[in-house]
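Residue numbers (the working numbering), protein chains in the order written: chain A, 378 to 729; chain B, 378 to 729.
Number of protein chains: 2
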Amino acid sequence: MITGSGESLADLGEWGLIAALAAQLPPGPGTELGIGDDAAIVSAPSGSVVAAVDMLLEGRHFLLSWSSGYDIGVKAAARSLADIAAMGAVPTALLVALGAPGTLTAGWALDLAAGLAYEAGRAGAGVVGGDTAGADSVLLSVTALGDLSGRPPLRRAGARPGDVVAVAGPLGYSAAGHALLAAGVTSFPALVAAHLRPAPPYDAGPEAALLGATAMIDVSDGLVADLGHVADASGVWIDIDTSALATGDPLARAAGALPPPSGTGPPVSPAALALRWALAGGEDHSLVAAFPPAAALPARWRVIGTVREAVVIARGEPGADAGGAAGGPARAGRVTVDGVPYEGPGGWQHFR
Amino acid sequence: MITGSGESLADLGEWGLIAALAAQLPPGPGTELGIGDDAAIVSAPSGSVVAAVDMLLEGRHFLLSWSSGYDIGVKAAARSLADIAAMGAVPTALLVALGAPGTLTAGWALDLAAGLAYEAGRAGAGVVGGDTAGADSVLLSVTALGDLSGRPPLRRAGARPGDVVAVAGPLGYSAAGHALLAAGVTSFPALVAAHLRPAPPYDAGPEAALLGATAMIDVSDGLVADLGHVADASGVWIDIDTSALATGDPLARAAGALPPPSGTGPPVSPAALALRWALAGGEDHSLVAAFPPAAALPARWRVIGTVREAVVIARGEPGADAGGAAGGPARAGRVTVDGVPYEGPGGWQHFR
Chain A
378 MITGSGESLA DLGEWGLIAA LAAQLPPGPG TELGIGDDAA IVSAPSGSVV AAVDMLLEGR
438 HFLLSWSSGY DIGVKAAARS LADIAAMGAV PTALLVALGA PGTLTAGWAL DLAAGLAYEA
498 GRAGAGVVGG DTAGADSVLL SVTALGDLSG RPPLRRAGAR PGDVVAVAGP LGYSAAGHAL
558 LAAGVTSFPA LVAAHLRPAP PYDAGPEAAL LGATAMIDVS DGLVADLGHV ADASGVWIDI
618 DTSALATGDP LARAAGALPP PSGTGPPVSP AALALRWALA GGEDHSLVAA FPPAAALPAR
678 WRVIGTVREA VVIARGEPGA DAGGAAGGPA RAGRVTVDGV PYEGPGGWQH FR
Chain B
378 MITGSGESLA DLGEWGLIAA LAAQLPPGPG TELGIGDDAA IVSAPSGSVV AAVDMLLEGR
438 HFLLSWSSGY DIGVKAAARS LADIAAMGAV PTALLVALGA PGTLTAGWAL DLAAGLAYEA
498 GRAGAGVVGG DTAGADSVLL SVTALGDLSG RPPLRRAGAR PGDVVAVAGP LGYSAAGHAL
558 LAAGVTSFPA LVAAHLRPAP PYDAGPEAAL LGATAMIDVS DGLVADLGHV ADASGVWIDI
618 DTSALATGDP LARAAGALPP PSGTGPPVSP AALALRWALA GGEDHSLVAA FPPAAALPAR
678 WRVIGTVREA VVIARGEPGA DAGGAAGGPA RAGRVTVDGV PYEGPGGWQH FR
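Pasting the structure below:
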């Protein structure tokens, strides 16, 4: 179908592109009907399906000058697949909507498909369907499906006072890689790779469920922000122990290799910058979960904090949050760092 | 959460927008876990799930000056839900990825949510999840899920010589509405509505399966183009009988109300233009299926053609298609109109 990978998407046409992509995108063990009809069919042996969608937009989430098509394919797949794992489910399938300028080459699109296929394969999922359209910039929307193997889902709600909080996967690596790329520092390739091609530990999701986890989320917006969602949904406070965050090598070393910031703010020490990456950096897509204190956690689950009872603060008093029931005391979840509220930059918010 | 619908998306922030949208988007009967966690959970009683994704991009698929947020919500939902119905499945859920400029108003986004909710409700599906991001223009990617109730899927392959071809829903109405909008003709509001807010007959999908249909597709690219997919997948020829296409009122009347085209091509009669809309116009999202000749079709299934055996044309002879097996005779599917190959404009292709 493709005579040369330098051919443009416009030369190829929509159906030519779809055929070329489909040839790169293998089915998975749960694929009952893959690419080529009006819809795909994916097995859902539990009798229910877990589903999540995430967008990846050129200029907002990636730059074509930093990321290859392969990188973008890996990242787009990882973002959505991590959401499935964060429910304690096993990924089964991806559907990929791709908008792209007709001037992009077929070779770029095939690279993208190879990245999608690689990451889907790492998660055990097939790429079963999609849509393509011409667009002014590259945009991807990836839907991931998964199966719970008959277990209840691991939600954000469920963390209980006394639980320990543990993480599987790195924290702050993606933020460090982003800072290195932005500064043009070419050392620390593993951190740059962690930004360009996050590698969520998918099998840690179902593992957490088997270990008795009470709540789980993937770190997409930043550790403090994402644990804030767990704290809010569970009605608890969560304290992070920074001594457990492993912000030494390579994070602090990478922070020390960066040129001093050109802005007018106060200087930030490498150790403080590394801590900020671990607390507020997003896009690692590591899994963070609450476990009963007696849970016997395998080594890849690093305990980084504890869950405590939410302190009731009367409405209007200092420290009261806005989320309480009307007229009653506020009882919102909260995340503290070494026992005090986190004052650093928050997680990523769009539209700002 | 929203204090005034004139507030901008940037004022609202990502989480404020998600909360405001979630309040407009009801769960459906199959929603086990809706918006608010890392992923949604949707029942899949058959043990498998049908899934499809479609994009809708500002400037490519709609204009903000023509379509309200509500219109865009309806259309985005309808495109994906029709793909589920075209497999003979019952829609269960939608996941919606929305990119939008921060300057858009919260009121526009709530209108969009109302349109999504209306159309999802018409199909019996819940809106269970999504993603939002800032973008330079409005972009939507909607994933639809469905359930086959234990039946095999109705694929594009399966049409057999002797079958009749029947359609449920209008043909050419969306193309007529597009032409009226482009010409600024404000009469024929039903045709304009058919373009802005297509209304696929979702329940005709499972009905076709129960009636013994052998193949089905939804008319998204145009009747000839989409029946071409069925003909190719089934290895048959399909002949469309134009006398059955109902291109009189309102199509021919609307064609007659248009100003003459400004180009240099030959003039086209209203009847010919109406026929072109019915044959090549897309986006009606009506369902077209092949049925055994003895099938007792309810009135809404209008017979518009027949399936015949593919004629074997030796490779290299006039009329031979390119898709045949290497070295052997070509045996591609083909669509004819009143017995002759269709020479009019084809269906919509992106990247061109």
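From the three backbone atoms N, C-alpha and C, an ideal C-beta is built for every residue, glycine too.
Query raised in the report: Taking three-plus beta-carbon pairs below 8 Å as touching, is the segment 511-523 of chain A in contact with the segment 448-464 of chain A?
Result: yes
Query - Any beta strand (DSSP E) of 3 or more consecutive residues that is wholly inside the segment 574-623 of chain A - result: 592-595, 613-617
Query raised in the report: For Thr-624 of chain B, does the count of other Cβ atoms within 10 angstroms reach 16, so buried, or fall short, so exposed?
Result: buried
Query raised in the report: If you measure beta-carbon to beta-carbon, which residues of the segment 398-414 of chain A are closer than 7 Å to chain B?
Result: Glu-409, Leu-410, Asp-414
Query raised in the report: Given that Leu-493 of chain B touches chain A, what residues does it touch there, using C-beta distances under 8 Å?
Result: Within 8 Å Cβ-Cβ: nothing; Leu-493 of chain B doesn't reach chain A, min ~13 Å.
Requested in this report: Could you have a look at Leu-650 of chain A and say whether DSSP puts it in helix, strand or coil?
Outcome: helix
Query raised in the report: Can you name, in chain order, every residue of its own chain whose Cβ lies under 8 Å from the Cβ of Leu-664 of chain B, other than the five neighbours on each side?
Result: Ala-459, Ala-462, Ala-463, Val-544, Ala-545, Gly-546, Pro-577, Pro-578, Ala-581, Gly-582, Ala-585, Met-593, Ile-594, Asp-595, Val-596
Report task. Kindly identify the DSSP beta-bridge partner or partners of Arg-532 of chain B. Result -> Note: Arg-532 of chain B sits in no beta bridge, so no partner.
Query raised in the report: Out of A:Ala-570, A:Ala-552, A:Ala-602, which has the shortest C-alpha to C-alpha gap to Gly-658 of chain A?
Result: A:Ala-552
Query raised in the report: Val-562 of chain B: which of B:Gly-716, B:Ala-497, B:Pro-637 sits nearest, CA to CA?
Result: B:Pro-637
Query raised in the report: Mind pulling the chain B residues with CB within less than 9 Å of Ala-567 of chain A?
Result: What Ala-567 of chain A touches in chain B: nothing, since even the nearest Cβ is about 26 Å away.
**Report entry** Interface flag, Val-684 of chain A vs chain B, CB-CB below 8 Å
**Finding:** no
Query raised in the report: At a Cβ threshold of 8 Å, is Pro-422 of chain B touching chain A?
Result: yes
Query raised in the report: Quick one: is Arg-711 of chain B near chain A, going by C-beta distance under 8 Å?
Result: no
Query raised in the report: Which full runs of the beta strand (DSSP E) of 3+ residues lie inside the segment 517-570 of chain A, going along the chain?
Result: 541-545
Report task. Spatial neighbours of Trp-614 of chain A within its chain, please: CB distance less than 8 Å, with the 5 preceding and 5 following residues excluded, ordered by chain position. Result -> Ala-608, Val-684, Arg-685, Glu-686, Ala-687, Val-688, Gly-710, Arg-711, Val-712, Thr-713
Query raised in the report: Within 7 Å: the Cβ of Tyr-447 of chain B and any heavy atom of the ligand FAD?
Result: Looking for the ligand FAD in the displayed structure turns up nothing, as the structure carries no ligands at all.
Query - Simplified DSSP assignment, three categories, for Ala-462 of chain A - result: helix
Query - Rounded Cβ spacing between Trp-485 of chain A and Gly-446 of chain A (contact assumed at less than 8 Å) - result: 4 Å
**Report entry** chain B within 8 Å of Pro-530 of chain A, Cβ atoms only
**Finding:** yes
Report task. Use the C-beta contact count for Asp-715 of chain A: other C-beta atoms within 10 angstroms, 16 or more gives buried, fewer gives exposed. Result -> exposed
Query raised in the report: With a CB to CB cut of under 6 Å and the five nearest residues on each side skipped, what residues in its chain are close to Gln-726 of chain B?
Result: Confidence is the limiting factor: at Gln-726 of chain B the pLDDT is only 45, short of 50, which leaves the residue's position unreliable, though a coordinate-based value still follows. Correct list: empty, nothing qualifies.
Query raised in the report: Just checking my contact of Leu-674 of chain A with Leu-652 of chain A at CB under 8 Å: how many whole Å lie between their CB atoms?
Result: Leu-674 of chain A to Leu-652 of chain A, Cβ: 23 Å. No contact.
**Report entry** Residue environment, Asp-626 of chain B, which counts as buried when at least 16 other CB atoms sit within 10 Å
**Finding:** exposed
**Report entry** Neighbouring residues, chain A, relative to Ile-594 of chain B (Cβ below 9 Å)
**Finding:** Asp-414, Asp-415
Requested in this report: Indicate whether at least one CB of chain A lies closer than 8 Å to the CB of Leu-487 of chain B.
Outcome: no
Query - Bridge partner(s) assigned by DSSP for Ser-663 of chain A - result: According to DSSP, Ser-663 of chain A bridges with nothing at all.
Requested in this report: My understanding is that Ala-400 of chain A touches Ala-454 of chain A, with C-beta atoms under 8 Å, so please give their C-beta distance in whole angstroms.
Outcome: Actually they are not in contact, since the Cβ atoms of Ala-400 of chain A and Ala-454 of chain A sit about 18 Å apart, beyond 8 Å.
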